[in-house]
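Colleague: My questions will all concern the structure given below.
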């Protein structure tokens, strides 16, 4: 993940997964904080808490909020198999990437 400077905001589009894997796609402006919120079930009624999707398996970053929103919608509109191929293209073992971004 590219680090942002003080002048720029860094946005991320990400996919969380469980062992099945059930997949959740989201967008945020602080990936470390947001993934941690998913991992600790900050909102117990959200998808990631209900399905225990606590592994960060994919992310991409940009300094443009609009492009992050567009990319999130593109990924959400992908079929399950397309999402799995996207994840496997950068993370073939579906490992949790959270420690990589700390």
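Residue numbers (the numbering used here): 5 to 106. Idealized CB from N, CA, C, for every residue including glycine.
Just to confirm before moving on: does the CB-CB distance between residue 98 and residue 21 stay below 8 Å?
Modeller: Yes, the Cβ-Cβ distance between residue 98 and residue 21 is below 8 Å.
Colleague: For residue 104 and residue 35, what's the separation of their Cα atoms in angstroms?
Modeller: 12 Å
Colleague: Thinking C-alpha only, which one of 13, 19, 14 is nearest residue 101?
Modeller: 19
Colleague: Measure the alpha-carbon distance for residue 67 versus residue 87 and round it to whole angstroms.
Modeller: Going by the C-alpha atoms only, they are around 23 Å apart.
Colleague: Around the C-beta of residue 10, are 16 or more other C-beta atoms found within 10 angstroms, so that it is buried, or is it exposed?
Modeller: Per-residue confidence for residue 10 stands at a pLDDT of 45, beneath the threshold of 50, marking its modelled position as unreliable; the derived number appears in the next sentence. Per the 10 Å Cβ criterion, exposed.
Colleague: Which ranges does the alpha helix (DSSP H) cover as unbroken runs of at least 4 residues, wholly within the stretch 25 to 84, from first to last along the chain?
Modeller: 35 to 43, 51 to 54, 69 to 80
Colleague: Sort out for me which residues DSSP pairs residue 98 with in a bridge.
Modeller: Per DSSP, residue 98 has no beta bridge partner at all.
Colleague: Short of 6 Å in beta carbon distance, which residues of its chain neighbour residue 53, apart from the five on each side in sequence? Order them along the chain.
Modeller: 45
Colleague: Cutting at 7 Å between CB atoms, please list the residues of its own chain near residue 91, excluding the five before and the five after it.
Modeller: 19, 61, 62, 98
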